[in-house]
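Presented below is the structure to which this report refers.
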Amino acid sequence: MIATLLAQAAEWTRPDIDWHGIAPELVLVVGINLVLLIDLWIDQSKKWMIASLTGFIMLGALVPVVTLAVVGDDVRSMFFDRYVVDDYALILKALFLLVGYLIVLMSQTELEEGGYYQGEYYVMLLVSVLGMVAMASSRDLVSIFVSLELLSIPAYMMAAWRKRDVKSNEAGVKYYLLGVFASGVLLYGMSYLYGTTGSTKLTEIGTALADTEGSLLAMQVIAVAFVIVGFGFKVSAVPFHTWAPDTYQGAPLPVTAFLSVGSKAAGFVGLMSLLFVGLYAADGVYEPFIFVLAALTMTVGNVLALRQTNIVRMLAYSSVSQGGFILMPLAVIASGDAAESALKAVVIYLLIYALSNLGAFAVVMAVSRKTKSGEISSFGGLIQYSPGLGVLMTIFVASLTGIPPLGIWIAKLASFRALIDAATGIAYTLAIIAAINTVISAAYYMKVLREIWMRPVPDGDTSEIVVPQPIWAALGICTVGTIVLGLFPGLVMRFADLPDLTGALGG
Amino acid sequence: MDPFKNNELLTIGTFLPLVGVVIMMFISAAEEQLHKMIAIVTAGATLVVGIITLLQYDYDASGQLQFVVNEEWISVINSNYNIGLDGISLPLYFLSMVVTFLVALYTYDNMPDAGSPKMFLMLMLILQVGMAGSFIAQDLILFFVFFEIVLLPMYFMIGVWGGEDRQYASLKFFLYTMFGSALMLVAFLAIYYNTGAESFAFQHLYEAGAGIGRNTQIWIFTGMFIGFAVKVPMFPFHTWLPDAHTQAPTQGSVILAAILLKLGTYGFVRIALPMLPQGAEAWAPVIAVLAVIGIIYGALGCLAQTDMKRLIAFSSVAHMGFVMLGISTLTVTGINAALFGMVAHGLITGMLFFIAGSVKHRYHTLEISRLSGMLIQVPKLGWLLGFSAMASLGLPGLAGFWGEFPALLASWNPNDAILGDQLELYRVLTVIAALGTVLAAAYLLWLYQRTAFGNPSPEFMPEAPAARSLSAAANDEHHDHHAADDIHDVTPLEWIAWTPFLVAIVVFGVYPQLMFEIMDPAVVELVNVIEAGVG
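Here it is in structure tokens:
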């Protein structure tokens, strides 16, 4: 027995590792250990340093991402093409690290003042971001699943971080139970995929499915459906969204922001890699499926958002609805020549949505520090006593509505473009549904603006809001991003290159 | 001097107000006077750039785009930063600068009650960027972005600084415009894809648009029609306008009337007609009918109003009806008249809203039944109201005449190459529209008669001095404020802000050629494009 093992071992060769390519992940891994160790030895009064350290780690990991983008015109591929660093992966890694950094900025004061555990929180955050960064490069069922769990499990705990608060516990438990269930479904689907195609590598699955020429096995149909359902939970697509509002409301605000942007984007990235590289030939299955998901998600999310009086719940439902818009171009990637524009649309949408939504959450955090309330009405008269915050919130909300020249308008335009490129009846139908939803969404976003600009201050207390320095920094980054990307979307759109994602791997 | 070399001029003129916005951002809101000064200086500097543009403009080549810039912008959707100015856009582009400057000047003394000049003026400057940008854009996406920039500042202007029903009015304005924009964007995308998805540039689409099949053109035109008609506003889509105008602060009303409404008609002239000539051919009679309904309906609406500002708002519906009637003839005369009418309406109705604002400031009411005897109490203001009312009803010799009379003339003889078979319809419409001018005279003169003639109403008469001092002794200081105390004649600042309007109304009334000369070559080019597209 030992002899056979040894014989196998002899055949085993060490995979080539591109140290530069994997540097962002390595920086994060080293950073996680560093934070963990320092947290053990550091005095309670100096815990604030952990936050700064975490921020530096996020930025430090961003450095190799930038150098890779500057140096590399070739695709770097590791572990037998199962882990790939291309432009698509780089821009998404940059997004995740930036989100991580912004969350650190937003968490800092909240954690210090709220009496939370700090060191552990930042370890969890870093681990989760590591999972996301790995997700961007994963091109194999196993690595996708590992990344997904790596980013989810810390998030379950972070949602329940306010541990003496029943609501926060509910948030964590709900998120955990449904998340684990979704993982189960996903894994089930993946096992069928592996079973019927004989490989876990996305490119090989892609070839195997394409060889069936449309006549998929029943098991493969189930597999594709299950995989999409599994990711549907992650991206809180209707009808798998039920965890989202309760979790968002119960979790500490920075965590909510993180979930609504980070994990959601990671879910989309996983789904995109799978669809574009692995499952593209199964369009008969995923096309109608995603069509229904996208249409339901944007409509139900919008209708429910209309009725909310709590700003966080409203943002939660609005984020569900935005998810529908992001999902929309994925429904048509196999039709016409929509694949390229769909990929660009999703990537730019994820980026700008992240900045605008994080910005909105940062303002909510700043305002609730004073008002101690989550009601939309607590924003009444904000423009009078804190004009800066009022204007910033206006920018973010207007961007989420899709008003040019602010960020999301171009993302929405890109999504519409993908649908029109597809030029099928189902694509046009989806475009009409989306257009109607855009107008509906204006109604509840305008509700926030009306409070800020036109309503009186609720309790007559017009003392200015003291905004902590880190939150200002976060707000600054989000504002600049929202405006600049709205005016010059070409800056990031060129990274979302389809031939890069699929072509280089022969997919 | 070669104007084609001064490429930065338009960009500077359009974006200069943003410099003021950035400066104001860093100054505390408490420095109210400073904010007003910065806004005036910024708007003034913008106007200076506008004057330089006027001077460098080559009037002999008015039919072509000048100061053209074509830089790469969003390459993934083939949309470029493509700007330029020709005879059609020059008057409107310049008008937007003049109006913003004068409104900023007027704000110095007449800040709306809600206060906070910092926000108010910043919004106004952003608004100016959107307006000027819309008139220079030569690319559909760029146009759309500028067109939309206007939306939020106006929404806040009405909603924050407006009258009692401001929240309702602002939301109505927002939702109507948003709905129109959505359809408009869909129409833009449809044109883009139907011409082979090559470019959003106007020039390209003028050539390629005619190649789209007739039915498709009609459908796309429908989308654009609704989008622009909401903004104009045309008859069935006009209901936001009386509310928005009545509730908006004076500054907002003036800008709305003078510039914002023109974005819609400009869109028809610049985009919808030349890009979709066959769509225009099919829609022109419908537009003409709706325009004439608007003329009559607006006039009847005016007769029923009890509020001066609401009356002026309804008169806008009627005047824009004449503009649309001119456009719907698809003739050189008609479109020239429409463009002239746009500028004239901007000047005259802007002036009327200024006067309404000043009346409100003095009398604290705009109810026509409570006002009377303005000629006795505030004679200069009363005369100005009379002058503007005369201009508005289309008195020959003042600017309003040259918008309406040629429009009627053109609709008697619509373009027979395109609308030959619709001659009878247009003739009938001409007669009805001519009746509209009579109604216009009726409602304006009646307004003038009720507010300016007669004796001042007793509630606004100063009390006798003796009784006054007694009551002053009896009441505390707060109650002492008497209704008549605010009533004074036109202030010097108002003269400064208004004189350019008055001069322009007279100058363009006496010598309309000044503007027709600039517009005509461009309009001829435009009609050629339409005729070529149909034929």
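Chains B and X are the protein sequences, given in the same order.
Start counting the first sequence at 512; every next residue gets the next number (our numbering).
Start counting the second sequence at 455; every next residue gets the next number (our numbering).
Ideal Cβ positions, reconstructed from N, Cα and C, are used throughout, including at glycine.
Everything numeric in this text was worked out from a predicted model, so none of it was measured.
The beta carbon of M828(X) sits closer than 8 angstroms to those of V813, L835, G836, L839, T905, A906, P910, all from its chain and outside the five residues before and after it, given in chain order. Here V684(B) has A671 as same chain residues with Cβ atoms under 8 angstroms from its own Cβ, once five neighbours each way along the sequence are excluded. For G681(X), the CB contacts under 7 angstroms within the same chain, skipping 5 residues up- and downstream, are G634, S635, L637, M638, A641 in chain order. CA-CA distance, L770(B) to D593(X), rounds to 39 angstroms. Contact of A483(X) with chain B by beta-carbon distance below 9 angstroms involves P898. For M965(B), the nearest CB of chain X lies under 8 angstroms from its own CB, placing it at the interface with that chain. Residue pairing by DSSP places E526(X) opposite N534(X) in a beta bridge. The alpha-carbon separation between I709(X) and L956(X) amounts to approximately 16 angstroms. If you compare the alpha carbons of D527(B), R673(B), S846(B) with that of F787(B), the shortest gap goes to S846(B).
By the Cβ criterion, the stretch 468–485 of chain X is not in contact with the stretch 994–1005 of chain B, since fewer than three pairs of Cβ atoms, one from each stretch, lie closer than 8 angstroms. When DSSP states are grouped into helix, strand and coil, A887(X) belongs to the helix group. Non-local C-beta neighbours of A755(B) in its own chain, meaning closer than 7 angstroms and more than five positions away in sequence, comprise S747, A827, V831, ordered along the chain. When rounded, the separation of the alpha-carbon atoms in N680(B) and T708(B) is 41 angstroms. Separation of the CB atoms of V553(X) and A712(X) is rounded to 5 angstroms, and the pair is thereby assigned contact status at 8 angstroms.
For the pair A871(X) and V988(X), the Cα-to-Cα distance works out to about 9 angstroms. Along the length of the stretch 478–516 of chain X, whole alpha helix (DSSP H) runs at least 4 residues long occupy 486–510, reported in chain order. Looking at the DSSP output, M729(X) sits in no beta bridge, so it has no partner there. Contacts between G613(X) and chain B, judged by CB atoms closer than 9 angstroms, involve L960, R961, W964, M965 in chain order. Going by beta carbons, L930(B) and A942(B) fall inside the 8 angstroms limit.
Taking V878(B) as reference, the option from Y686(B), V843(B), V977(B), A729(B) with the minimal CA-CA separation is V977(B). Legend: CB atoms of the stretch 632–646 of chain X lying less than 7 angstroms from CB atoms of chain B belong to residues M632, F633, A636, V640, L643. The Cβ-Cβ distance between S974(B) and Y896(B) falls below 8 angstroms. The beta carbon of L570(B) sits closer than 8 angstroms to the beta carbons of L608, Y612 from its chain, once the five residues preceding and following it are set aside; these are given in chain order. Judged by DSSP secondary structure, V686(X) falls outside any beta strand (DSSP E); it is assigned neither H nor E. Assigned with DSSP and collapsed to three states, D932(B) falls in helix. K881(B) and P566(X) have their alpha carbons spaced roughly 29 angstroms apart.
Within chain X, the residues M632, F633, A636 have their CB atoms less than 7 angstroms from the CB of V950(B), given in chain order.
Residues G780, T783, T785, T787, G788, A791 of the same chain have their beta carbon placed closer than 7 angstroms to that of A864(X), with the five preceding and five following residues left out of the count. Taken in chain order, the complete alpha helix (DSSP H) segments of 4 residues or longer contained in the stretch 795–880 of chain B are 822–838. Between S533(X) and L596(X), the gap from beta carbon to beta carbon is short of 8 angstroms.
Flagged as an interface residue toward chain B: I528(X), by a C-beta distance shorter than 8 angstroms. Residues of chain B with a Cβ closer than 9 angstroms to the Cβ of Q657(X) do not exist; the shortest Cβ-Cβ separation is about 22 angstroms. If you look at V657(B), you'll find it in the alpha helix (DSSP H) that goes 652–670.
Put simply, of G626(B), L601(B), L924(B), F692(B) the residue whose alpha carbon is nearest the alpha carbon of A647(B) is L601(B). With fewer than 16 other CB atoms across the displayed protein chains lying within 10 angstroms of its CB, S563(B) is exposed.
At least 8 angstroms separates the beta-carbon of G789(B) from that of G743(B).
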